[in-house]
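Chains as they are written, first to last, in full-length UniProt numbering: chain A, 1 to 142; chain B, 1 to 142. C-beta: ideal position from N, C-alpha, C; glycine also. Have a look at the structure below, then the notes.
2 protein chains.
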Amino acid sequence: MDHSALFQKFVAFTADLHEVSHELTRGVKSEDVTPVQYKILEYMMVSQPVTPSEIADCVDLSLPNTSRELRKLMEKGLCEKATDDADRRRQLFRLSTDGQAMMGRVFAQAQQGFEQRIAGLTEDELKEVEAALELLQRKVFQ
Amino acid sequence: MDHSALFQKFVAFTADLHEVSHELTRGVKSEDVTPVQYKILEYMMVSQPVTPSEIADCVDLSLPNTSRELRKLMEKGLCEKATDDADRRRQLFRLSTDGQAMMGRVFAQAQQGFEQRIAGLTEDELKEVEAALELLQRKVFQ
DNA sequence: CCATTTACTTATCTTTTGATAACAAAAAGG
DNA sequence: CCTTTTTGTTATCAAAAGATAAGTAAATGG
């Protein structure tokens, strides 16, 4: 198989997915968070609680800037901080009730957009989609 | 099929792909362009020539800000401007020789990273990957 | 103990990005 | 023609994000 052609398809695919996911989360701008702050909240949504170091790693932010954004998120009442009892240097951050609610709304809206996209598919086609997602993750993303 | 479960998988998939593509284009930071400028160059790479309006639409930038970034890219010698003869209001932008060369390097590096990821796959598996990409584009991205 | 390392914070400054107003030139359409 | 619309530019200001220096407190490891 021609690896270059496959790479081209991968690039086009990536561009398309990026556009779709951007469209699905478009509504977030109405809420009062910046893009970087949203990325932090999204990360908290999937792995809670998290330390500033973990966030800095995964969101690709310096530790001082992570600290600043976390402070802003706390001021907005979207997340909470607690000291780790096992290691009192570590700070554990999690979404507050409001933060959970907000991210819940965002995900619900994204899911609704996703549902519309797959609305016309049959059961068999849905299974194909699921299989394709799993195959790409397994073979390409590792 | 459970649509919520499928959506969860889609979210995880999107996050993974985002991470991979970020890793593949990591080396661009060494070149002297900002993230927004890189997006413009990437867009020019796939569709040339482009007008400021088209860029503004696709890269999600206001027209004044697009104009500013295009000026910076021209100052850096990465793209060129020419007036459309058919409609002299329209400005046609394309990559300069340097710009082509730079994006060529970026794509070559990304392709190299991609090759490593698929290095262990058999011919049949590569065909599966290609089929999965096409299926998702057809059924979900439209 | 005590020096060193780790985890985080605060403060400050620069760069990048976003938003808006005002303008110019070409085209479109009576 | 002459008004209106389209396309793009320039200028300016504010907000967001990046970078770096300096400092604190807790843990680690002789």
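Proximity below 8 Å, CB of residue i to CB of residue j
{"i": "LYS76(A)", "j": "PHE93(A)", "result": "no"}
{"i": "LEU13(B)", "j": "GLN137(A)", "result": "A small correction: the amino acid at residue 13(B) is Phe; Leu does not occupy that position in the sequence shown. Cβ atoms of PHE13(B) and GLN137(A): closer than 8 Å."}
{"i": "THR51(A)", "j": "ARG90(A)", "result": "yes"}
{"i": "GLY113(A)", "j": "LEU41(A)", "result": "no"}
{"i": "LEU78(A)", "j": "SER96(A)", "result": "yes"}
{"i": "LYS139(B)", "j": "LEU133(A)", "result": "no"}
{"i": "VAL59(B)", "j": "TYR38(B)", "result": "no"}
{"i": "LEU61(B)", "j": "VAL36(B)", "result": "yes"}
{"i": "GLU123(B)", "j": "MET103(A)", "result": "no"}
Any C-beta of chain A under 8 Å from that of residue i
{"i": "ASP96(B)", "result": "The question names Asp, but residue 96(B) is Ser in the sequence shown. It does not: the Cβ of SER96(B) has no partner Cβ on chain A nearer than 8 Å."}
{"i": "PHE93(B)", "result": "no"}
{"i": "VAL20(B)", "result": "yes"}
{"i": "LEU41(B)", "result": "no"}
{"i": "MET44(B)", "result": "no"}
{"i": "ASN17(B)", "result": "Position check: residue 17(B) holds Leu in this sequence, whereas Asn was assumed. True, the Cβ-Cβ gap to chain A drops below 8 Å."}
{"i": "LEU6(B)", "result": "yes"}
{"i": "THR34(B)", "result": "no"}
{"i": "THR14(B)", "result": "yes"}
Chain B within 8 Å of residue i, Cβ atoms only
{"i": "ASP84(A)", "result": "no"}
{"i": "MET1(A)", "result": "yes"}
With 16 other Cβ atoms within 10 Å as the buried cut-off, status of residue i
{"i": "GLN116(B)", "result": "exposed"}
{"i": "SER21(B)", "result": "buried"}
{"i": "GLU69(B)", "result": "buried"}
{"i": "GLN48(A)", "result": "exposed"}
{"i": "VAL11(B)", "result": "buried"}
{"i": "VAL46(B)", "result": "exposed"}
- prompt: Is there contact here, the region 99 to 112 of chain B with the region 126 to 139 of chain A, by at least three beta-carbon pairs under 8 Å?
  reply: no
message: Using a Cβ-Cβ cutoff of 8 Å, what residues of the region 109 to 125 of chain A are near chain B? List them in chain order.
response: ALA110, GLN111, PHE114, GLU115, ARG117, ILE118, LEU121, GLU123, GLU125
- prompt: Does the region 7 to 23 of chain B come close enough to the region 36 to 56 of chain B that 3 or more CB-CB pairs lie under 8 Å?
  reply: no
- prompt: Between the region 63 to 85 of chain B and chain A, which residues of the former have CB atoms less than 7 Å from a CB of the latter, in chain order?
  reply: none
query: Given a limit of 7 Å on CB to CB distance, which residues of the region 126 to 141 of chain B reach chain A?
result: LEU126, LYS127, GLU128, VAL129, GLU130, ALA132, LEU133, LEU135, LEU136, GLN137, LYS139, VAL140, PHE141
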